[in-house]
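Chemist: Mind having a look at this structure? Questions to follow.
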Ligand code: HEM
């Protein structure tokens, strides 16, 4: 399960990074321009950068915690023989 989640969260984080990296500077430039019409047109799309950042923060937090989650799972398996120990002994 962790393997599946880490694969998809990493993929998601990577691909959502593209629109996020575009949307944030665009939003900043539009605000700086101060044009009335542009401001009104942007008002309807204003939430998009925030939603993208929220997705990045959630998936990023999971990626950040991943090494600790894996460490915890390994510790739980202490007592079970390690992968190397399960190999057949060759003479
Ligand atoms: C908002 C909070 C964010 C957090 C907590 C976060 C956290 C992380 C973490 C922990 C990783 C994995 C690093 C590793 O492999 O050790 C990562 C990878 C990455 N992050 Fe973020 N990130 C955030 C936002 C962003 C944003 C805003 C962008 C770009 C717009 C971004 C782009 C990327 C990319 C491209 C990777 C590499 C993904 C891959 O493995 O292919 N992240 N991030």
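Residue numbers (this note's numbering): 30 to 120.
The C-beta atom is built at its ideal place from N, Cα and C for all residues, glycine as well.
If we call anything under 8 Å between Cβ atoms a contact, is residue 46 one with residue 85?
Modeler: Against a cut-off of 8 Å, the Cβ pair of residue 85 and residue 46 comes out as a contact.
Chemist: Any heavy atom of the ligand HEM inside 7 Å of the beta-carbon of residue 85?
Modeler: For the ligand HEM, at least one heavy atom lies less than 7 Å from the Cβ of residue 85.
Chemist: Please list, in chain order, all residues of the same chain as residue 98 whose beta carbon is under 7 Å from its beta carbon, the five residues on each side excluded.
Modeler: If we look at residue 98 and ignore the five residues flanking it on each side, its Cβ neighbours are 31.
Chemist: If you follow the alpha helix (DSSP H) that residue 89 is part of, which residue opens it and which one closes it?
Modeler: From DSSP, the alpha helix (DSSP H) with residue 89 extends over 76-105.
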